[in-house]
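Numbering (the working numbering), first residue to last: 107 to 435. In this text, a Cβ means the ideal position worked out from N, Cα and C, and glycines have one as well. Computed from a prediction, not measured in an experiment: that's the story for all the values here.
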């Protein structure tokens with residue numbers, strides 16, 4: 107009888123592992139965060155007497171990385187490490203529910219000097235999120251449990267490139283950019299309190315120059331995407347979005363920005379509007395175009411891939427979404 111009970115428990119545990127494993131696997135995505143065309147460099151570390159020394163305050167770097175997450179991530183002390191020829195800012199910590207997390211941010215060597223390491227708009231932020239996993243580590247584009255407890259797993263997420271924003275890693279790059287070109291950008295680095303009119307409520311008509319609009323969106327995407335159409339849609343709960351669509355090889359990029367309505371029946375966006383991107387090779391992205399989540403609902407045998415991201419707080423620049431907030435006459 108004991109043997110039967112043991113076998114039943116083992117089968118039940120195995121079934122739970124399969125279900126749990128599928129749940130965790132479904133959370134593994136690569137989040138592609140985009141940036142403007144210019145590739146501003148922020149000096150992070152220099153080599154002195156054969157040793158690498160950080161050039162930025164650890165607390166500032168730690169706060170910038172934490173601000174890239176929305177799960178209450180709190181990190182321990184930042185370290186500079188080298189893995190397979192690539193240098194990273196690395197740290198371990200925990201999320202809001204207490205589960206362990208490790209992160210690393212790739213750095214780039216100066217082409218003219220092997221003694222300097224930089225953060226750029228093309229750097230990559232990776233994280234491993236542990237569930238009942240004592241020790242976890244990165245393994246290429248995934249995570250592993252080195253010493254798993256019962257049914258332990260580690261979920262991988264990655265983020266390629268960064269917007270020029272006022273917080274997080276993008277904020278570090280923005281601060282550098284503002285310091286380099288004060289004649290082209292607001293010297294104070296503050297957001298421009300401007301409303302850019304996009305369309306009209308009556309008939310949901312898009313009035314903004316589509317060519318300029320498409321160009322700005324394309325400049326925000328890391329991958330070479332051609333935006334082919336844009337329009338205003340009425341979504342769920344009375345919300346309205348600027349929706350754009352473009353192609354990138356076998357992938358389709360759906361882009362949306364939340365719209366606000368003024369007293370004259372005009373839709374507008376501001377630097378604090380939210381830009382969301384759903385990049386997928388699926389034929390059905392669920393309710394994303396109506397304000398819902400980016401999903402992959404195609405039920406064929408092809409490998410499904412979908413990546414989502416969301417950012418706001420754009421700085422007035424000469425390229426990308428920031429160019430839409432240039433001073434208007």
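Taking C-alpha positions only, residue 165 is separated from residue 159 by approximately 15 Å. The stretch 227 to 234 makes contact with the stretch 195 to 215; the number of CB pairs closer than 8 Å reaches 3 or more. Taking the C-beta atoms as reference points, residue 346 is found no nearer than 9 Å to residue 312.
Across the structure, residue 303 and residue 361 are spaced so that their CA atoms are roughly 18 Å apart. The alpha-carbon of residue 337 is positioned some 37 Å away from that of residue 169. Per DSSP, residue 162 is not a residue of any beta strand (DSSP E), being assigned neither H nor E. Around the beta carbon of residue 323, a 10 Å sphere encloses 16 or more other beta carbons of the protein chains shown; the residue is thus reported as buried.
Excluding five sequence positions before and after residue 177, the CB atoms of its chain that fall closer than 7 Å to its own CB belong to 201, 202, given in chain order.
When the Cα atoms are used, residue 172 and residue 278 turn out to be separated by approximately 13 Å. Within the stretch 342 to 407, the complete beta strand (DSSP E) segments of 3 residues or longer fall at 346 to 354, 357 to 364, 372 to 375, 381 to 386, listed in chain order.
Residue 275 is positioned such that its CB atom lies closer than 9 Å to that of residue 229.
Ranking 196, 191, 190, 189 by CA distance to the CA of residue 182 puts 196 first. For residue 427, no alpha helix (DSSP H) encloses it, and the DSSP letter there is neither H nor E. By the neighbour-count criterion, in which a residue is buried when 16 or more other Cβ atoms sit within 10 angstroms of its Cβ, residue 367 is exposed.
With respect to the 9 Å criterion, residue 396 and residue 380 are not classified as neighbours on the basis of their beta carbons.
With respect to the 9 Å criterion, residue 377 and residue 426 are not classified as neighbours on the basis of their beta carbons.
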